[in-house]
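Okay, structure first, notes after.
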Amino acid sequence: MSINDNATFKQLAQTFISSGNQTISSIQAYLYKVGSPNTTDTITAEIWSNNTGTNQPGSLLSTGSVQISQISTAGSYVSITIASVNLTKSTSYWLVLRASYAGNASNLVAWAETSGTTDVATDGQAYYVNYVGGASYQTVGANRDFTYRIGDCGQ
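So our numbering is basically just the index in the sequence shown, starting at one, shifted up by 483.
Put into structure tokens, the structure is as follows:
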């Protein structure tokens, strides 16, 4: 799913539950370029606490970014360095990716998704923020997850 395609989906998110107490200082997301987005623009990764019961992130815990020049058209796991953050076992968090550019349908960065008959990340869900009619997180669809790695979490 594209990040900031025609300014409709300005950010994408994946919820996850930390499987252990751990300190992380980077995340990996499976990203790919479509067309020719400006390579000096960035994708920002954020780790947020979970706002229980609202399907919304809570507090921003850490952030970092990567230049689009580091993302290939073929797609691969892209490592994004973030400020060190402690994750607590069995606690829900949000990984949010947002773009610094005004995208269009021909020049963008996309985050690879997985789908199937069961949730790949049984402890998480993929979301997008739809800015058409107001900003709110909405699920990408049943049994959908973005492809990511955070410490000992992800797929």
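Every residue gets a Cβ at the ideal spot worked out from N, C-alpha and C, and that includes glycine.
Because the structure is a prediction, the values reported are computed rather than measured.
Opening and closing residue of the beta strand (DSSP E) in which Q550 lies: For this step, residue 550 is matched to residue 67 along the sequence shown. Unbroken beta strand (DSSP E) run through Q550: Q539 to Q550.
For K516, the first and last residue of its enclosing beta strand (DSSP E): To locate residue 516, count along the sequence shown from 1; it is residue 33. Looking at the DSSP string, the run of the beta strand (DSSP E) that includes K516 is Q505 to V517.
Which residues does DSSP pair with I530 in a beta bridge? Working through the sequence shown from its first residue, we reach residue 530 at position 47. DSSP lists S545 and L578 as the beta-bridge partner residues of I530.
Taking 6 Å as the limit between beta carbons, can you name the residues of its chain near A496, skipping five residues before and five after? Taking the sequence shown and counting its residues from 1, the one referred to as residue 496 is at position 13. By the criterion of a C-beta distance shorter than 6 Å, A496 is surrounded in its chain by W577, V579 and Y610, once the five residues flanking it on both sides are discounted.
From G533 to G607, what distance separates their C-alpha atoms? Counted from its first residue, the sequence shown places residue 533 at position 50. Counted from its first residue, the sequence shown places residue 607 at position 124. Note on identity: in this sequence residue 533 is Asn, with Gly being the wrong assignment. Using only the alpha carbons, I get a separation of about 11 Å.
So the candidates are Y584, I507 and Y560; which of them puts its Cα closest to the Cα of S545? The residue given as residue 545 occupies position 62 in the sequence shown. Ranking the options by Cα distance to S545, first place goes to I507.
Would you tell me roughly how many angstroms separate the C-alpha atoms of T535 and T571, rounded to the nearest one? Residue mapping note: residue 535 aligns to position 52 of the sequence shown, counting from 1. Residue mapping note: residue 571 aligns to position 88 of the sequence shown, counting from 1. Within the model, the alpha-carbon separation for T535 versus T571 is close to 15 Å.
Could you check what DSSP says for Q553 in three-state terms: helix, strand or coil? Your numbering for residue 553 matches position 70 in the sequence shown. DSSP places Q553 within a helical segment (H, G or I) once states are collapsed to three.
V568, DSSP secondary structure in three states: Indexing the sequence shown from 1 puts residue 568 at position 85. If DSSP states are grouped into helix, strand and coil, V568 belongs with the strands.
Buried or exposed (CB count within 10 angstroms, at least 16 for buried), T498: Stepping through the sequence shown from its first residue, residue 498 is reached at position 15. It counts as buried.
Count the other CB atoms, across all protein chains shown, that sit within 10 Å of the CB of Q550; report buried if there are 16 or more and exposed otherwise. For the purposes of this step, residue 550 is taken as the residue at position 67 of the sequence shown. Exposed, by the Cβ-count rule.
Less than 6 Å between C-beta atoms, sequence neighbours within five positions excluded: which residues of the same chain meet that for N590? In the sequence shown, residue 590 corresponds to position 107, counting from 1. Cβ neighbours of N590 beyond the five flanking positions: G518, S519 and P520.
For S543, collect the residues of the same chain with a Cβ closer than 7 Å to its Cβ; drop the 5 residues on either side in sequence, then sort them by chain order. Your numbering for residue 543 matches position 60 in the sequence shown. For clarity, residue 543 is Leu in the given sequence; the question names Ser instead. Setting aside the 5 residues that flank it on each side, L543 is surrounded in the same chain by E529 and W531, each with a C-beta closer than 7 Å to its C-beta; the list follows chain order.
S583 beta carbon less than 8 Å from that of D524: For the purposes of this step, residue 524 is identified with residue 41 of the sequence shown, where counting begins at 1. For the purposes of this step, residue 583 is identified with residue 100 of the sequence shown, where counting begins at 1. Taking 8 Å as the Cβ cut-off, D524 and S583 qualify as a contacting pair.
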